[in-house]
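Student: Let me begin by handing over the structure; questions about it come next.
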Amino acid sequence: MGADGITPRGEDFSRWYQDIVQKAELADHSPVRGCMVIRPNGYAIWEKIQQGLDRLIKQTGHQNAYFPLFIPESFIHREAEHIEGFAPELAVVTHAGGEKLEEPLVVRPTSETIIYSMFAKWVQSYRDLPLLINQWANVVRWEMRTRLFLRTTEFLWQEGHTAHATDEEAETETLQMLEVYRRFAEEWMALPVYAGLKSDSEKFAGAVRTYSIEAMMQDGKALQAGTSHNLGQNFAKTFELQYQTADNRMDYCWNTSWGVSTRLVGALIMGHSDDKGLVIPPRLAPLDAVLVPIYKSDEQRTAVLEYAAGIEEELIRADFMIRTDAREQFTPGWKYAEWEMKGVPVRIEAGPKDLEKGHVVLVRRDDRSKRFVPRDGVADALRETLETMQRDLFEKARAFRDERTIPVDSYGDFRDYMAADRGFARAHWCGGAGCEEKVKEETKATIRTVPVEEEAREDGTCVVCGAASPRRVIWGKAY
RNA sequence: CGGGGCGUAGCGCAGUCUGGUAGCGCACCUGGUUCGGGACUAGGGGGUCGGAGGUUCGAAUCCUCUCGCCCCGACCA
């Protein structure tokens with residue numbers, strides 16, 4: 011462990027991750043196994059994610075609503091594949107009000123069943139469609155093994171649910187939201203992602219097709235960062251979600267659902283942070299900058315704090331989130347380390363020399379580069395620094411990912427590459443579940459995503475069995 | 001749920017084998033000197049040793065059971 015108490019990434023990635031979560035005060039373990047207390051620093055990041063994404067969701071025409079936590083157990087059982095996927099991880103309430111319940115209540119693992127049963131009441135004709143709903147909620151899945159943010163028993167997420175008149179429209183919606191997630195990941199989170207289709211073995215139970223975005227973490231492993239499902243008419247048929255067509259027939263609706271969760275906070279950590287602590291892309295940082303005043307004598311103290319107060323006031327007026335760290339009991343150096351640990355994107359230093367020269371020092375968190383900027387231009391300089399840092403973080407992550415995503419054409423090479431834990435392989439796949447299963451058993455790698463763009467088409471032979479393959483797919487070990 | 005590791009002050013650990021007054025570093029509190037990359041000094045506070053039961057004159061230490069965390073596997077966003 012280093013002087014700052016963080017296990018270096020290269021030494022033990024998993025411990026490094028836990029150290030960041032603890033030391034940056036993002037989350038803590040609750041008394042209940044597998045559950046997580048999201049601490050203020052962590053929750054502030056989640057709030058930024060919510061704000062950014064909520065806007066994109068609304069801009070694409072969706073409205074927020076809220077459906078209840080409790081779902082009648084029978085609802086979950088109605089859709090055969092759905093229950094098969096979820097049965098082992100359900101938490102069920104059997105008693106309430108001091109009595110045994112007539113029908114047990116499931117704590118939602120996801121809300122398809124309750125939402126589409128309600129949609130059935132609201133949709134009469136094609137004129138009621140499309141119905142575009144989103145909800146921000148908590149869900150519970152009784153997982154065997156948990157990790158803070160990445161997989162917890164209870165987690166926070168957003169789940170969109172829509173109903174459409176045609177299959178084509180539902181598919182368009184599914185892809186639209188996949189694109190929203192891709193944009194959010196890349197432009198807000200500065201995480202480059204591969205977007206594409208899930209193989210049958212990885213798709214959501216109850217969906218016709220599942221799409222996802224997949225990001226590469228700094229240890230070369232994949233993190234599924236968002237999913238978008240085309241549900242077909244599976245749930246519509248189960249819950250009698252029908253509508254009257256323009257030519258007076260009855261038809262079942264076509265549904266989609268899509269979500270991202272607090273797991274994204276984990277993605278941010280593992281995507282950008284370093285051995286000094288948390289690194290957050292500026293667009294998602296709760297604080298834009300921290301101002302550290304520096305002084306020796308009392309006269310300096312008075313002058314510098316006044317200088318700092320003026321800067322802070324100006325930056326707040328320019329709509330930045332900023333805090334001055336005027337704590338007396340810590341030295342500037344100590345504060346630098348502390349704020350680096352917590353991932354504040356920019357540090358502003360202001361001391362007697364800066365006051366004298368009429369400038370301030372801006373230091374970037376990611377590369378710790380220093381800039382001296384005139385006092386009067388501090389707001390513009392800060393804005394520019396944050397924008398540059400946002401871009402640089404994305405480019406750095408993209409270069410890392412690209413370098414570690416390599417084409418592989420023989421099964422021997424494939425096994426060697428996966429054994430080295432480097433990253434993703436782009437290899438041909440015949441589409442057979444058997445080949446996928448064999449790879450998983452022998453290398454622990456799975457198909458992360460199947461690229462669907464036209465440009466991705468390429469004739470080749472399956473890296474496992476040698477049969478004809480229309481495209482390379484992305485393979486990797488996953489969280 | 002299987003295999004491995006670990007629970008002792010807020011954090012990191014020693015002490016456990018071989019039972020005998022619970023320690024160290026950091027953090028915390030008070031004073032003084034410091035302050036542009038994790039300051040120095042003097043004094044001080046803080047612990048049902050994860051929990052329960054047992055053995056013993058005496059248990060952090062030995063025995064039994066139990067709970068939690070981490071790593072590896074099976075399940076998953």
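Under our numbering, the very last position in the first sequence is 489; numbers go up by exactly one each time.
All C-beta atoms in this analysis are idealised placements derived from N, C-alpha and C, irrespective of residue type, glycine included.
E446: buried (16+ other C-beta within 10 angstroms of its C-beta) or exposed?
Tutor: Flag for E446 reads buried.
Student: Tell me whether the beta-carbon of T415 lies closer than 8 Å to the beta-carbon of S222.
Tutor: No, they are not a contact pair.
Student: May I have the straight-line CA-CA distance separating P296 from G368, to the nearest angstrom?
Tutor: Straight-line Cα distance between these residues: approximately 28 Å.
Student: Less than 8 Å between the C-beta atoms of L9 and A173, yes or no?
Tutor: This structure does not reach residue 9, given that the chain is present from 11 up to 489, and the question cannot be answered.
Student: Any idea if H105 is buried or exposed, counting beta-carbon neighbours within 10 angstroms, 16 or more meaning buried?
Tutor: Result: exposed.
Student: Quick check on DSSP: helix, strand or coil for G12?
Tutor: With a pLDDT of 39 at G12, under the threshold of 50, the predicted position of this residue should be treated as unreliable, though the coordinate-derived value follows. Residue state, collapsed to three classes: coil.
Student: With distance defined between alpha-carbon atoms, name the residue in P18, T395 and R432 nearest to R411.
Tutor: Nearest of P18, T395 and R432 to R411, Cα basis: R432.
Student: Is DSSP giving N244 helix, strand or coil here?
Tutor: Looking at N244 - three-state DSSP - the assignment turns out to be helix.
Student: Considering only the beta carbon of each residue, do V289 and I304 sit closer than 8 Å?
Tutor: Contact: no.
Student: Would the beta-carbon of A232 fall within 8 Å of that of K487?
Tutor: It is a contact, given that the beta carbons lie within the stated cut-off.
Student: Kindly give me the distance between the Cβ atoms of V356 and V370, rounded to whole angstroms, as I take these residues to be in contact under 8 Å.
Tutor: Not quite, the Cβ-Cβ distance comes to about 11 Å (not below 8 Å), so this is no contact.
Student: Is the region 322–341 touching the region 381–393, taking contact as three or more C-beta pairs under 8 Å?
Tutor: Yes, the region 322–341 is in contact with the region 381–393.
Student: For W439, which three-state DSSP category applies?
Tutor: Here W439 sits in coil by DSSP.
Student: Could you give the first and the last residue of the continuous beta strand (DSSP E) run that contains M46?
Tutor: M46 to I48 is the span of the beta strand (DSSP E), which, as asked, contains M46.
Student: Could you please give me the residues that DSSP links to E224 through a beta bridge?
Tutor: Note: E224 sits in a beta bridge opposite Y204 and Q234.
Student: Identify which residue in M199, E250 and T312 has its Cα closest to the Cα of L274.
Tutor: Comparing Cα positions, the closest option is M199.
Student: In the DSSP assignment, what are the bridge partners of M260?
Tutor: Q254.
Student: Go ahead and label D364 buried or exposed: buried means 16 or more other beta carbons lie within 10 angstroms of its beta carbon, across all protein chains shown.
Tutor: Classification of D364: buried, given that the 10 Å Cβ count is 16 or more.
Student: Below 8 Å, how does it come out for the region 145–162 and the region 266–286: are there three or more Cβ pairs, yes or no?
Tutor: The region 145–162 vs the region 266–286: in contact.
Student: What are the start and end residues of the beta strand (DSSP E) that includes R333?
Tutor: Start and end: I332 to T334.
Student: Determine the burial state of A430: buried for a count of at least 16 other Cβ atoms within 10 Å of its Cβ, exposed for fewer.
Tutor: With fewer than 16 other Cβ atoms within 10 Å, it is exposed.
Student: Is the beta carbon of R25 less than 8 Å from the beta carbon of E35?
Tutor: In this structure, E35 does not lie closer than 8 Å to R25 by Cβ.
Student: On a CA-only basis, which of P291, L111 and G236 is nearest Q400? Give me that one, please.
Tutor: Nearest of P291, L111 and G236 to Q400, Cα basis: P291.
Student: Which of the three DSSP states, helix, strand or coil, is assigned to F434?
Tutor: Looking at F434 - three-state DSSP - the assignment turns out to be strand.
Student: To the nearest angstrom, how far is it from the Cα of Q32 to the Cα of D38?
Tutor: Spanning the two alpha carbons is a distance of roughly 7 Å.
Student: So, at 6 Å on beta carbons, what are the nonlocal neighbours of R88 in its own chain, with the 5 sequence-adjacent residues on each side left out?
Tutor: So the qualifying residues of the chain are T248.
Student: So, with DSSP's three-state summary, where would you put K490?
Tutor: Residue 490 lies beyond the residue range present for the chain, which begins at 11 and ends at 489; the question has no answer from this structure.
Student: So, using beta-carbon positions, are I30 and S283 closer together than 8 Å?
Tutor: Contact flag set, yes.
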